[in-house]
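Residue numbers (the working numbering): 22 to 376.
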Ligand SMILES: NC(=O)c1ccc[n+]([C@@H]2O[C@H](COP(=O)([O-])OP(=O)(O)OC[C@H]3O[C@@H](n4cnc5c(N)ncnc54)[C@H](O)[C@@H]3O)[C@@H](O)[C@H]2O)c1
Ligand SMILES: [Zn+2]
């Protein structure tokens, strides 16, 4: 691959860095990192598939068993052991190669080991490419609480090679499109239209289309992160559909839906709330529903649901975060607002609806 074909997105935050996006980037990544002391962190699935590439990056490779359950302090401590035992110092770099689980735990280890060492992300899942590797949030789950311990820690660089998506399981691949559709709804109408026009190629995982989708998504997230690096305000619009999604995930015990699937259902609910408040038309709700469904995402919960309990989970979530019942809504595809005064009965109604 010619370096000219690699897109570069500069992230202008407290510690500026570049995100590289392209295909066939293995040699490019190796040459960018070759002079550095590299400590690779990855999970068992990624290791099985990309062992040669990982070993070429460094002779130090730490592998933990794949899965959200492993995003915990026991894995974190093992990463510290791995760094200490292999002589990592302040001039070393941790390189997380994997999905969001790897990126979050490797990032947190890097941010705390010797009060912070270098960090690169090489995201291999679509969710990690368009969301978790961008923006500098790191963390682990603890005490049954998701991401309760963590830090803001920007990497030194991110390498996004869409070729990794070829081996991603179908459900993981499709579910991450919920976050991509989200960027379309909250801030990028032309990305939304691009998705509408390219569903078939997306489902075939065409690199040409994927590079555009991934680059546009990253640019959108970078725009928001640059304005609100530490999540004090504007970054909240990234939570479109997520208040509902988190409640649905919690209600179903984090086992029935992948995060993106719950976000898809949550976004349909958020569209309905927007419509009921007179912010968008029925056609907009239908456009979102059609795109999600064409992509293969769910639009509603399949199981018996207790709307009141889901609503209670939402309220509790808000209370824990010390926030009122504020919702991210849309005023039309491509724009979002944070609404401070959404009536509780309207929310309850929308949860109960079966559409
Ligand atoms: N830091 C942030 O800003 C942020 C944002 C969103 C989500 N997250 C976190 O990200 C995590 C979810 O990330 P995820 O969806 O990538 O989950 P994940 O890391 O568990 O990856 C999903 C599955 O795909 C496998 N996989 C990854 N890349 C592969 C590839 N190229 N080929 C085959 N299999 C591959 C993994 O081994 C895993 O089994 C959650 O822990 C969430 O909290 C963080
Ligand atoms: Zn999300």
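Idealized CB from N, CA, C, for every residue including glycine.
Bear in mind that the values here come from a model prediction, so they are computed numbers and not experimental data.
query	result
Closest Cα partner of residue 60 within the set 329, 77 and 320	77
Chain-order list of residues whose beta-carbon lies under 6 Å from that of residue 47 (same chain, five-residue window excluded)	74
Near ligand 2: residue 14 beta-carbon under 7 Å from a heavy atom	Only positions 22 to 376 of the chain appear in the structure, and residue 14 is not among them; the question remains open.
Candidates 225, 204 and 88, of which the one nearest residue 187 by Cα	225
Close beta carbons around residue 222, own chain, < 7 Å, minus the five adjacent residues each side	230
Contained alpha helix (DSSP H) runs [length at least 4] in the segment 29–116, N- to C-terminal order	47–54, 65–78 and 94–106
With 16 other Cβ atoms within 10 Å as the buried cut-off, status of residue 236	buried
Outcome for residue 146 when other beta-carbon atoms lying within 10 angstroms are tallied against a minimum of 16	buried
For residue 232, three-class secondary structure by DSSP	helix
Cβ-Cβ distance between residue 198 and residue 318 below 8 Å	yes
Length of the line joining the Cα atoms of residue 184 and residue 63	17 Å
For residue 370, the first and last residue of its enclosing alpha helix (DSSP H)	365–373
Pairwise C-alpha distance: residue 100 and residue 277	30 Å
Cα-Cα separation, residue 43 to residue 181	6 Å
Residue 267 versus residue 140 - alpha carbon distance	29 Å
Pairwise C-alpha distance: residue 30 and residue 49	16 Å
Burial state of residue 176, where buried means 16 or more other Cβ atoms lie within 10 Å	buried
Residue 103 CB to nearest heavy atom of ligand 1 below 7 Å	no
DSSP-derived helix/strand/coil call for residue 354	coil
Contact between the segment 283–291 and the segment 152–171 (3+ Cβ pairs under 8 Å)	no
Residue 79 vs residue 121 beta-carbon contact at 8 Å	no
Simplified DSSP state of residue 185, which is helix, strand or coil	helix
Continuous alpha helix (DSSP H) stretch holding residue 194: start and end	191–208
Endpoints, the beta strand (DSSP E) within which residue 140 is located	139–144
Own chain, CB closer than 7 Å to residue 271, minus 5 neighbours either side, in chain order	334
Residue interval of the beta strand (DSSP E) (run including residue 159)	158–163
Backbone CA spacing between residue 158 and residue 38 [nearest angstrom]	15 Å
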